[in-house]
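Colleague: The listed protein sequences derive, respectively, from chains A and B. In terms of our numbering, the first sequence is residues 1 to 303. In terms of our numbering, the second sequence is residues 1001 to 1258. Using N, Cα and C, we set each Cβ at its ideal position, and we do this for glycine too.
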Amino acid sequence: MKPAIVYKNVKKNYGSVKAVNGISLSIPQGEFFGLLGPNGAGKSTMINMLGGLATPSSGKIDVMGRDVQKDYQEARHSVGIVPQELVFDPFFNVREMLRFQAGYFGKGKENDKWVDEVIDRLDLRDKANTNMRALSGGMKRRALIAQALVHRPPVIVLDEPTAGVDVELRQKLWSFIKDLNKEGHTIVLTTHYLEEAEALCNSVAMLRLGKIVALDTTRNLLKKFSTKNLMLRLNFMAKKALPQSVKNFSYVESDGAFIFQLKKITDIAEITEALKKSKIEIIDMQTVDTDLENVFLKLTGAK
Amino acid sequence: MVTLKTQIIGTWTLLKKELLRFWRVAFQTVAAPVITGILYLLIFSHVLDSRLEVYEGVPYAAFLIPGLIMMSLLQNAFSNSSSSLIQAKVMGNIVFLLLTPLSYLQLFFAFLAASIVRGIFVGFCIYLIAITYIDLPIEHPWFLFLFALLGGGLMGAFGIIAGVWCDRFDQMAAFGNFVIMPLSMLSGVFYSIHSLPVSWQGVSQLNPFFYMIDGFRFGFFGQSDVSPYFSLGVVALFFIVLSFFTIRMLKSGFKLRN
Chain A
1 MKPAIVYKNV KKNYGSVKAV NGISLSIPQG EFFGLLGPNG AGKSTMINML GGLATPSSGK
61 IDVMGRDVQK DYQEARHSVG IVPQELVFDP FFNVREMLRF QAGYFGKGKE NDKWVDEVID
121 RLDLRDKANT NMRALSGGMK RRALIAQALV HRPPVIVLDE PTAGVDVELR QKLWSFIKDL
181 NKEGHTIVLT THYLEEAEAL CNSVAMLRLG KIVALDTTRN LLKKFSTKNL MLRLNFMAKK
241 ALPQSVKNFS YVESDGAFIF QLKKITDIAE ITEALKKSKI EIIDMQTVDT DLENVFLKLT
301 GAK
Chain B
1001 MVTLKTQIIG TWTLLKKELL RFWRVAFQTV AAPVITGILY LLIFSHVLDS RLEVYEGVPY
1061 AAFLIPGLIM MSLLQNAFSN SSSSLIQAKV MGNIVFLLLT PLSYLQLFFA FLAASIVRGI
1121 FVGFCIYLIA ITYIDLPIEH PWFLFLFALL GGGLMGAFGI IAGVWCDRFD QMAAFGNFVI
1181 MPLSMLSGVF YSIHSLPVSW QGVSQLNPFF YMIDGFRFGF FGQSDVSPYF SLGVVALFFI
1241 VLSFFTIRML KSGFKLRN
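Right under this line is the structure:
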């Protein structure tokens, strides 16, 4: 089965700025893929090139085996992109706008049923005949997502879809997008909410300064960079009296707590035993797992 | 999959959207230019009707109508494509078009056709109101049709260029105020160029608007300042050159896809 998306040594320069600097990447069909990185990492530029909003300076991008430049019409049929900005056409209502969007892709009246289904699944039915101008931010976001889906693309790209969206709507959106993924759609997501990427994405690429700094399954990345930490709050004597056997462990002090980096799980027993012998009282104890945010911060050097 | 059918539906959808877009604000896009045209007609014909006879046997009010129709047609054809594009660019909703499989030729035809329809519709409204109180012969209907079509198309293409090139509304306003308005006012709408000094006649003949209006007027009266066939050739040439330039611009993605 051909990959859903392939970037082959893609570069994009804006003057002297290398927005995307030689990215190669292949996303299999049916994947829920996360594209992560700090602002200016090149995520949106990658998406813009995929959708034809920007032209690569060099390299090649395929969507479902179609070159986005040479075979752009077929390639664009295969992809639905939800832009980051809340843009809308102020002249039309939601249903009109969705039908126009489907029409641009050559879909006629036979597609109206699907348009209505998208409206229903995104809870837009009450607003279907409302002018886009009159919608709240959250509703506009839903309408944007609906617009990307009206032509039933096999690949759906969401550029920061939950930015500025309340928790309830965010949950609804993700539930809907997960359903689409289960139905076989390939999903590509950029987000600043790393817990979302961790919860949703099978694999992720982390970008920094236009380059991929990590590309793996989410599970592998977490495993590769996993460290278990032990956070202890001790009585006031601890700072001076910390025994040498405990000091031998790698630790940092943060906000009045000691955070020990564990190499193995039995380290916990060794540390607590040594503290007990030194008569240092443990007030609070917690173990902390590595999450995607830690991996992201380590790899991108962000703070 | 892209087929001829999907391409036709795509182009028709964009055309329909563009037509609905101006129709939704018809008070501004149709009623306002029609009233402006009629006011010009009322004022100038009232003041000059008894004093001027540009063509033999043609009252000044009648002489004025074709020029006013064509001027409104041209201005509105330009406005349709240019305002649609600049609004979509400034609002950001141009991405909805750029993400679709619509080719540069489909974009060109849809925007152009919508411009022609709006221009002709506004012109036709002025015509209908004007003939309620002024007799206006139609000597060569095919010339009327061809000049309306080519004039609307030429200005529709020019509007696409302006819409793509301009980034801000003030740039677009400058286009309208410093290019379109002077060219249309100095094109012989209100006078025959034979009434001008020889040097100004030469300058007028460099203005493509002059040929569109003079040729259009020939369709009504069978009289014109220059040969209607020459005018038709000039207008067709301008239309082809501008269309070629517009298509090249859309194909390159200039100011749209970067």
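Give the DSSP bridge partners of A:E253, in chain order.
Modeller: Within the first sequence, residue 253 of chain A is the residue found at index 253, counting from 1. BP columns for A:E253 point to A:F258.
Colleague: Quick one: using the 10 Å Cβ neighbour count with 16 as the cut-off for buried, is A:D166 buried or exposed?
Modeller: What you label residue 166 of chain A is simply residue 166 of the first sequence in a count that begins at 1. Per the 10 Å Cβ criterion, exposed.
Colleague: Out of A:S57, A:G164, A:K109, A:V20, point me to the one whose CA is closest to A:V150's CA.
Modeller: For this step, residue 150 of chain A is matched to residue 150 along the first sequence. Here the closest residue by C-alpha is A:K109.
Colleague: Where DSSP assigns a beta bridge to A:L230, which residues make up the other side?
Modeller: Along the first sequence, read from residue 1 onward, the residue named residue 230 of chain A stands at position 230. Answer is A:F260, A:T287, bridged to A:L230.
Colleague: If the criterion is Cβ atoms closer than 8 Å, does the pair B:G1123 and B:L1073 meet it?
Modeller: As a first step, residue 1123 of chain B is located in the second sequence; it is residue number 123 there, counting from the start. As a first step, residue 1073 of chain B is located in the second sequence; it is residue number 73 there, counting from the start. Yes, they are a contact pair.
Colleague: Could you say if the stretch 225–234 of chain A and the stretch 282–296 of chain A meet the contact criterion of at least three C-beta pairs nearer than 8 Å?
Modeller: Contact holds: three or more Cβ-Cβ distances are below 8 Å.
Colleague: Hey, is the stretch 1219–1227 of chain B in contact with the stretch 1071–1086 of chain B, meaning 3+ C-beta pairs nearer than 8 Å?
Modeller: At 8 Å Cβ cutoff, the stretches do not touch.
Colleague: Do B:S1045 and B:L1064 have their C-beta atoms within less than 8 Å of each other?
Modeller: Taking the first residue of the second sequence as position 1, residue 1045 of chain B is located at position 45. Taking the first residue of the second sequence as position 1, residue 1064 of chain B is located at position 64. Yes, these two residues count as a Cβ contact at 8 Å.
Colleague: Excluding the five sequence neighbours on either side, which residues of its own chain have a C-beta within less than 8 Å of the C-beta of A:N21, listed in chain order?
Modeller: Taking the first residue of the first sequence as 1, we reach residue 21 of chain A at position 21. These residues qualify, in order along the chain: K11, G42, L209, G210, K211.
Colleague: So, using beta-carbon positions, are B:V1117 and B:L1014 closer together than 8 Å?
Modeller: Within the second sequence, residue 1117 of chain B is the residue found at index 117, counting from 1. Within the second sequence, residue 1014 of chain B is the residue found at index 14, counting from 1. Contact: no.
Colleague: So with CB distances below 7 Å, who are the chain A contacts of B:M1172?
Modeller: Reading the second sequence from its first residue, position 172 is the one you call residue 1172 of chain B. Near B:M1172 there are no residues of chain A at all, since even the closest Cβ is about 17 Å away, more than 7 Å.
Colleague: Whose C-beta lies closer than 7 Å to the C-beta of B:I1180 among residues of the same chain, with five residues either side of it excluded?
Modeller: Reading the second sequence from its first residue, position 180 is the one you call residue 1180 of chain B. The answer, listed in chain order, is Q1075, F1078.
Colleague: Quick check: is the beta carbon of A:P90 nearer than 8 Å to any beta carbon in chain B?
Modeller: As a first step, residue 90 of chain A must be located in the first sequence, where it is residue number 90. True, the Cβ-Cβ gap to chain B drops below 8 Å.
Colleague: Between the C-alpha atoms of B:S1184 and B:F1210, what's the straight-line distance to the nearest angstrom?
Modeller: Taking the first residue of the second sequence as 1, we reach residue 1184 of chain B at position 184. Taking the first residue of the second sequence as 1, we reach residue 1210 of chain B at position 210. B:S1184 and B:F1210: Cα-Cα distance of roughly 8 Å.
Colleague: Assuming B:G1163 and B:I1043 are in contact, meaning their beta carbons sit under 8 Å apart, how far apart are those beta carbons, in whole angstroms?
Modeller: Working through the second sequence from its first residue, we reach residue 1163 of chain B at position 163. Working through the second sequence from its first residue, we reach residue 1043 of chain B at position 43. Not a contact, Cβ separation roughly 32 Å.
Colleague: Taking contact to mean 3 or more Cβ pairs, one atom from each stretch, closer than 8 Å, check whether the stretch 170–190 of chain A and the stretch 26–33 of chain A are in contact.
Modeller: With the cut-off at 8 Å, the stretch 170–190 of chain A and the stretch 26–33 of chain A touch.
Colleague: Could you tell me which uninterrupted alpha helix (DSSP H) segments, each at least 4 residues in length, are contained entirely in the stretch 1181–1212 of chain B, listed from first to last along the chain?
Modeller: Fully enclosed alpha helix (DSSP H) runs of 4 or longer: 1181–1185, 1198–1204.
Colleague: Could you tell me if A:K303 is buried or exposed, where buried requires 16 or more neighbouring beta carbons within 10 angstroms of its beta carbon?
Modeller: On the first sequence, residue 303 of chain A is found 303 positions in, with the first residue counted as 1. Confidence at A:K303 is low in this model, with a pLDDT of 46, below 50, so its placement is unreliable and no value can be given for it.
Colleague: Who are the near neighbours of B:G1153 in its chain, counting only those whose CB is closer than 7 Å to its CB and skipping five residues on each side?
Modeller: Taking the second sequence and counting its residues from 1, one reaches residue 1153 of chain B at position 153. L1112, I1116, F1239.
Colleague: With C-beta atoms as the reference, is A:V79 less than 8 Å away from A:L98?
Modeller: By one-based count along the first sequence, residue 79 of chain A stands at place 79. By one-based count along the first sequence, residue 98 of chain A stands at place 98. Contact flag unset, no.
Colleague: From what residue to what residue does the beta strand (DSSP E) around A:T7 run?
Modeller: The residue labelled residue 7 of chain A in the question sits at position 7 within the first sequence. The sequence given here places Tyr at residue 7 of chain A; Thr does not occur at that position. Where A:Y7 is concerned, the enclosing beta strand (DSSP E) stretches over 5–14.
Colleague: Which residue or residues does DSSP assign as beta-bridge partners of A:M206?
Modeller: In the first sequence, the residue the question calls residue 206 of chain A occupies position 206. In the DSSP output, where bridge partners are listed per residue, A:M206 has A:L36, A:A214.
Colleague: Of the residues that make up the stretch 90–117 of chain A, which ones have a beta carbon closer than 9 Å to any beta carbon in chain B?
Modeller: From the stretch 90–117 of chain A, only P90, F91, F92, E96, M97, R99, F100, Q101, A102, G103, Y104, F105, G106, K107, G108 have a Cβ closer than 9 Å to chain B.
Colleague: I need the DSSP call for A:K303, collapsed to helix, strand or coil.
Modeller: Numbered from 1 along the first sequence, position 303 holds the residue referred to as residue 303 of chain A. Reliability fails at A:K303, whose pLDDT of 46 lies under 50, so the model's placement of it is uncertain and no value is given.
Colleague: Do you know offhand how far A:R76's Cα is from B:R1257's?
Modeller: Position 76 of the first sequence, counting from 1, holds the residue named residue 76 of chain A. Position 257 of the second sequence, counting from 1, holds the residue named residue 1257 of chain B. One C-alpha to the other measures close to 14 Å.
Colleague: Alpha carbon to alpha carbon, what distance is there between B:I1161 and B:M1249?
Modeller: Within the second sequence, residue 1249 of chain B is the residue found at index 249, counting from 1. Within the second sequence, residue 1161 of chain B is the residue found at index 161, counting from 1. So the two alpha carbons sit approximately 8 Å from each other.
Colleague: With distances taken Cα to Cα, identify the nearest neighbour of A:E85 among A:N48, A:I61, A:D67, A:T218.
Modeller: Against the first sequence, residue 85 of chain A aligns to sequence position 85. With distances taken between Cα atoms, A:E85 lies closest to A:N48.
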